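Visitor: This is the structure I want to talk about, given as structure tokens.
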Amino acid sequence: MRNNRLAKWLISGPPLLYLLLFFAIPSAIMAFAAFRFPGDYGGLLPLMNVNPDTGKTELLINAGNYADFLTLENFTRFFQEPVFFELFLKSFWYAGLTTVICLALAYPLAWLIARSPKKHRDLLVLMVILPFWSNFLIRVYSWMIILGPQGYFAKSINAVLGVIGIGPVQLLFSHFAVILVLVYVHLPFMVLPLYANLEKHDMNLLDAAQDLGANAWQRFWRITWPLSLPGVWAGAALVFIPALGMFAVPDLVGGTDGIMIGNLIKQQFLDSRDWPFGSVLSIMLTLAVLMLAGLATLIGRGGKRNAL
Amino acid sequence: MHSKQSKWLWGAASLVYLFLYLPLIIVVVYSFNDSKLNAEWVGFTFKWYEILFNDAQMLTAARNTLIIGLVTSVCATVLGTLAGLAMYKYKLRLLPVLVLTPIAIPEILMGVSLLIFFVMLNMTLGLVSIALSHIAFCIGFVAIVVRSRLQGMDESLVEAARDLGATPVQAFRLVTLPLIMPGIIAGALMAFTLSIDDFVITFFTAGAGASTLPLQIYSMIRIAVTPEVNAISTLLMLLTLALIVIASKVAPGAIKAQS
């Protein structure tokens with residue numbers, strides 16, 4: 001019995017300790033930092049201070065400076081200035097649009113892979129994952145080349161637009177570019193869970209429906225789609241959540257007005273060095289993600305129950 | 001009617017595949033283009049590769065990336081395998097949460113919290129802080145692969161070994177370990193790829209001290225599009241491809257386990 005307990009600790013102890021130290025504690029410190037003041041030179045105001053009377057180093061709280069210790073100011077700032085809330089809304093909109101487009105592109109592909117002969121399936125799935133294994137920045141960069149004003153693509157689009165009489169548009173550094181690249185880097189996350197779901201469908205159901213007179217449209221909306229909802233929700237969560245926190249894509253292809261929450265967080269930590277406010281933004285993002293993940297699990301479960 | 005439908009679907013699917021591959025093909029093609037602009041095809045050249053191999057900053061970044069990748073891979077594989085075993089064998093509450101959350105949340109959150117943490121500890125940001133952070137987010141990926149391998153294992157083999165007199169440690173070393181080895185190797189390769197590819201967490205934990213290939217690429221493409229980036233991108237894609245081929249040889253089924 002004692003041996004078993006020892007084994008349990010020997011096995012689970014090291015990863016537990018490591019993740020406590022390098023994940024749980026840093027997260028807790030960040031949550032704490034959201035209630036602190038920024039330091040004079042960026043970062044955080046130190047917890048220790050030299051007491052001018054005694055010349056000793058003391059904890060702020062011991063020196064009686066409670067007012068300098070914790071504050072709600074950072075949170076009030078977030079709720080009082082509409083800019084921040086608007087940026088959150090905009091990021092939700094970007095991530096949502098990305099999710100919907102990914103779904104529209106991924107569904108036919110996943111359905112087709114699931115219906116193709118078994119021996120081809122692994123290869124077709126691998127072909128979806130393969131580009132996703134190239135570096136993330138390379139995938140963003142590839143679109144910077146395509147959308148660049150000197151490129152063939154941008155030139156031909158603008159030539160076509162010129163014929164209709166619409167002036168040349170800038171493709172790179174636009175909302176359009178942000179959404180397009182977000183879709184590109186997240187697409188496999190949608191295809192894989194959808195495929196995993198669609199592959200398990202019992203094709204006899206469709207045949208039965210056809211025998212009973214349902215046309216292709218009805219068969220899809222009344223059988224395939226409801227059955228695939230768990231896969232849809234899983235894919236939506238896998239696309240929406242990382243897209244919401246993205247900062248590199250808007251940074252590289254978004255220009256000045258394509259920024260998202262991630263860019264603001266990065267700004268607070270690296271440029272204006274207001275860590276407490278950066279932490280508030282991070283906490284808000286975390287809360288949003290947790291709520292969405294919970295929601296997706298709930299709906300996913302509900303969908304499964306309804307479908308079966 | 002069916003064939004007409006599937007023709008449409010194949011058409012749509014081919015377009016999606018094209019959408020996935022065309023941008024990367026363009027990157028590769030332009031790495032051989034004799035023009036600075038990455039816009040029009042001018043002529044064939046190896047010039048950008050030459051420039052790349054003489055770029056001291058890029059070479060240092062490549063060396064850093066490899067060192068961090070190897071250290072991360074070894075540490076995350078050991079810790080992740082333990083975590084996978086623990087999650088398979090015992091009913092635990094805290095460990096699964098700690099293992100899975102870093103995978104589920106946007107990377108930027110882990111990046112900034114680790115930045116605050118390291119700065120509070122007065123640690124100089126650099127190779128060490130990057131590697132420590134990479135290990136933290138790779139553990140989960142290894143754990144998942146190893147656990148799924150364990151779930152697919154026939155438990156009666158271990159019981160048989162125990163019946164025949166093997167101690168728990170022997171049964172693990174002689175039966176369990178060889179059986180889950182493909183999962184462990186897949187996990188190690190995955191941790192290595194994740195580490196050499198990581199941009200976001202590295203960006204926050206690197207400080208001014210150390211650069212990695214993704215950081216180097218980022219700072220280059222922020223300023224201007226240059227074919228030198230195409231060259232390094234092409235080489236990185238080849239490296240990833242090689243790793244996948246190795247993975248499929250060493251551990252067939254490993255690639256499936258990852259998806």
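Sequence lines, in order, name chains D and V. At position 105 of the first sequence the residue is numbered 105 (full-length UniProt numbering), and the sequence of numbers has no breaks. At position 50 of the second sequence the residue is numbered 50 (full-length UniProt numbering), and the sequence of numbers has no breaks. Yeah, the Cβ is synthetic: ideal placement off N, Cα and C, and Gly gets one too. Since the model is a prediction, treat every value here as computed from it, not as a measurement.
In angstroms with no decimal places, state the Cα-to-Cα distance between P242(D) and L164(V).
Guide: Taking the first residue of the first sequence as 1, we reach residue 242(D) at position 242. Taking the first residue of the second sequence as 1, we reach residue 164(V) at position 164. Their backbone Cα atoms lie some 50 Å apart in a straight line.
Visitor: Would you give the residue range spanned by the alpha helix (DSSP H) that F85(D) belongs to?
Guide: Against the first sequence, residue 85(D) aligns to sequence position 85. From DSSP, the alpha helix (DSSP H) with F85(D) extends over P82 to R115.
Visitor: Identify each residue in the region 98-114 of chain V for which the Cβ-Cβ distance to at least one residue of chain D is less than 8 Å, and report them in chain order.
Guide: Answer in chain order: L98, V99, T101, P102, A104, I105, P106, E107, I108, L109, M110, V112, S113 and L114.
Visitor: Spatial neighbours of A7(D) within its chain, please: C-beta separation below 7 Å, excluding the five flanking residues on both sides.
Guide: In the first sequence, the residue the question calls residue 7(D) occupies position 7. If we look at A7(D) and ignore the five residues flanking it on each side, it has no Cβ neighbours.
Visitor: Whole alpha helix (DSSP H) runs in the region 150-188 of chain V with 4 or more residues, listed along the chain?
Guide: The qualifying runs are 155-163 and 168-171.
Visitor: Assuming contact is defined by CB atoms lying nearer than 9 Å, are V16(V) and L187(D) in contact in what I supplied?
Guide: As a position in the second sequence, residue 16(V) is number 16, starting the count at 1. As a position in the first sequence, residue 187(D) is number 187, starting the count at 1. Yes. Within cutoff.
Visitor: Comparing the C-beta of P108(D) with each C-beta of chain V, is any distance below 9 Å?
Guide: The residue given as residue 108(D) occupies position 108 in the first sequence. True, the Cβ-Cβ gap to chain V drops below 9 Å.
Visitor: What's the call for K266(D), buried or exposed, on a 16-neighbour Cβ count within 10 Å?
Guide: In the first sequence, the residue the question calls residue 266(D) occupies position 266. Buried is the call here.
Visitor: Which same chain residues end up closer than 7 Å to A83(V) when comparing Cβ atoms and leaving out the 5 residues on each side of it in sequence?
Guide: Taking the second sequence and counting its residues from 1, one reaches residue 83(V) at position 83. Cβ neighbours of A83(V) beyond the five flanking positions: L95, V99, I139 and A143.
Visitor: Quick check: M120(V) and I29(D), are their CB atoms within less than 9 Å of each other?
Guide: On the second sequence, position 120 is the one that residue 120(V) refers to. On the first sequence, position 29 is the one that residue 29(D) refers to. Cβ atoms of M120(V) and I29(D): closer than 9 Å.
Visitor: Mind checking whether L112(D) and S211(V) have CB atoms under 9 Å apart?
Guide: Counted from its first residue, the first sequence places residue 112(D) at position 112. Counted from its first residue, the second sequence places residue 211(V) at position 211. Cβ distance not < 9 Å, so L112(D) and S211(V) don't count as in contact.
Visitor: Under a Cβ-count criterion, where at least 16 other Cβ atoms within 10 Å of its own Cβ denotes burial, should T72(V) be classed as buried or exposed?
Guide: Sequence index remark: in the second sequence, residue 72(V) carries index 72 (1-based). It counts as buried.
Visitor: With three or more C-beta pairs closer than 8 Å as the rule, is the region 48-63 of chain V touching the region 159-175 of chain D?
Guide: Segments in contact, no.
Visitor: Using the three-state DSSP reduction, which class does F247(D) fall into: helix, strand or coil?
Guide: What you label residue 247(D) is simply residue 247 of the first sequence in a count that begins at 1. In the structure shown, F247(D) sits in coil (DSSP, three-state: anything other than H, G, I, E or B).
Visitor: Can you tell which of A95(D), I299(D) and Y195(D) has the C-alpha that lies nearest to the C-alpha of Y184(D)?
Guide: The count along the first sequence starts at 1 and reaches residue 184(D) at position 184. Out of A95(D), I299(D) and Y195(D), A95(D) has the C-alpha closest to the C-alpha of Y184(D).
Visitor: Drop a sphere of 10 angstroms on the beta-carbon of A257(V), count the other beta-carbons inside from all chains shown, and report buried for 16 or more, exposed for fewer.
Guide: Position 257 of the second sequence, counted from the start, is the residue given in the question as residue 257(V). In this predicted model, A257(V) has a pLDDT of only 45, less than 50, meaning its place in the structure is not dependable; the value taken from the coordinates is given anyway. By the neighbour-count rule (16 or more Cβ atoms within 10 Å), A257(V) is buried.
Visitor: Are the C-beta atoms of residue 295(V) and some chain D residue less than 9 Å apart?
Guide: Coverage of chain V is limited to positions 1 through 259, which leaves residue 295(V) absent and any answer about it impossible.
Visitor: In this structure, how does DSSP classify S248(V) when only helix, strand and coil are distinguished?
Guide: Looking up residue 248(V) in the second sequence gives position 248. In this structure, S248(V) counts as helix in the three-state DSSP scheme.
Visitor: With a threshold of 9 Å between beta carbons, is E228(V) in contact with chain D?
Guide: Taking the second sequence and counting its residues from 1, the one referred to as residue 228(V) is at position 228. Chain D, which has no Cβ nearer than 9 Å to the Cβ of E228(V), makes this no.
Visitor: Might you give, ordered along the chain, the residues of its own chain that have their beta carbon closer than 6 Å to the beta carbon of V27(V), omitting 5 neighbours on each side?
Guide: If you number the second sequence from 1, residue 27(V) lands on position 27. Result list for V27(V): N230 and S233, in chain order.
Visitor: Sort S113(V), I184(V) and E228(V) by Cα distance to L21(D) and report the nearest one.
Guide: The residue labelled residue 21(D) in the question sits at position 21 within the first sequence. Of the listed residues, the one whose Cα sits closest to L21(D) is S113(V).
Visitor: Alpha carbon to alpha carbon, how far is D197(V) from L66(V)? Give it in angstroms, no decimals.
Guide: In the second sequence, counting from the first residue as 1, residue 66(V) sits at position 66. In the second sequence, counting from the first residue as 1, residue 197(V) sits at position 197. Near 11 Å, if we compare the C-alpha coordinates of D197(V) and L66(V).
Visitor: Counting along the chain, where does the alpha helix (DSSP H) carrying E199(D) start and finish?
Guide: The residue given as residue 199(D) occupies position 199 in the first sequence. First-last for E199(D): undefined, no H or E at that position.
Visitor: Which residues of the region 126-139 of chain D have a Cβ closer than 9 Å to any Cβ of chain V? Give them in chain order.
Guide: So the close ones are L126, M127, V128, I129, L130, P131, F132, W133, S134, N135, F136, L137, I138 and R139.
Visitor: With a threshold of 9 Å between beta-carbons, can D257(D) be considered close to chain V, or not?
Guide: Here residue 257(D) corresponds to residue number 257 of the first sequence, with the count starting at 1. Closer than 9 Å: no.
Visitor: Checking contacts by CB at 9 Å: is I135(V) closer than that to chain D?
Guide: Translated into positions along the second sequence, residue 135(V) becomes position 135. Answer yes: the Cβ-Cβ gap between I135(V) and chain D drops below 9 Å somewhere.
Visitor: In chain order, what residues of the region 220-247 of chain D put their CB closer than 7 Å to some CB of chain V?
Guide: Under the 7 Å Cβ criterion, the region 220-247 of chain D contributes I241, P242, L244, G245 and F247.
Visitor: Counting only beta-carbon separations shorter than 9 Å, does G165(D) have a partner in chain V?
Guide: Translated into the one-based positions of the first sequence, residue 165(D) becomes position 165. It does not; no Cβ of chain V falls within 9 Å.
Visitor: Can you pull the chain D neighbours of D55(V), defined as C-beta to C-beta under 9 Å?
Guide: Indexing the second sequence from 1 puts residue 55(V) at position 55. The contacting residues do not exist; D55(V) stays about 17 Å from chain D at best.
Visitor: Using a C-beta to C-beta distance shorter than 8 Å, which residues of chain V count as neighbours of A24(D)?
Guide: What you label residue 24(D) is simply residue 24 of the first sequence in a count that begins at 1. Within 8 Å Cβ-Cβ: L98.
Visitor: Taking contact to mean 3 or more Cβ pairs, one atom from each stretch, closer than 8 Å, check whether the region 168-182 of chain D and the region 274-285 of chain D are in contact.
Guide: No, the region 168-182 of chain D is not in contact with the region 274-285 of chain D.
Visitor: Quick one: what's N33(V) bridged to in DSSP?
Guide: Within the second sequence, residue 33(V) is the residue found at index 33, counting from 1. Paired residue(s): F44(V).
Visitor: Check whether the Cβ atoms of Y141(D) and L252(D) lie closer than 9 Å to each other.
Guide: As a first step, residue 141(D) is located in the first sequence; it is residue number 141 there, counting from the start. As a first step, residue 252(D) is located in the first sequence; it is residue number 252 there, counting from the start. Contact: yes.
Visitor: Mind checking A110(D): buried by the 16 CB within 10 Å criterion, or exposed?
Guide: The residue given as residue 110(D) occupies position 110 in the first sequence. By the neighbour-count rule (16 or more Cβ atoms within 10 Å), A110(D) is buried.
Visitor: Please confirm whether G80(V) has its beta-carbon closer than 9 Å to some beta-carbon of chain D.
Guide: What you label residue 80(V) is simply residue 80 of the second sequence in a count that begins at 1. Closer than 9 Å to some Cβ of chain D, the Cβ of G80(V) qualifies, so yes.
Visitor: With a cut-off of 9 Å, does the C-beta of V160(D) fall near any C-beta of chain V?
Guide: As a working note, residue 160(D) is residue 160 in the first sequence. No - not a single Cβ of chain V is within 9 Å of the one on V160(D).
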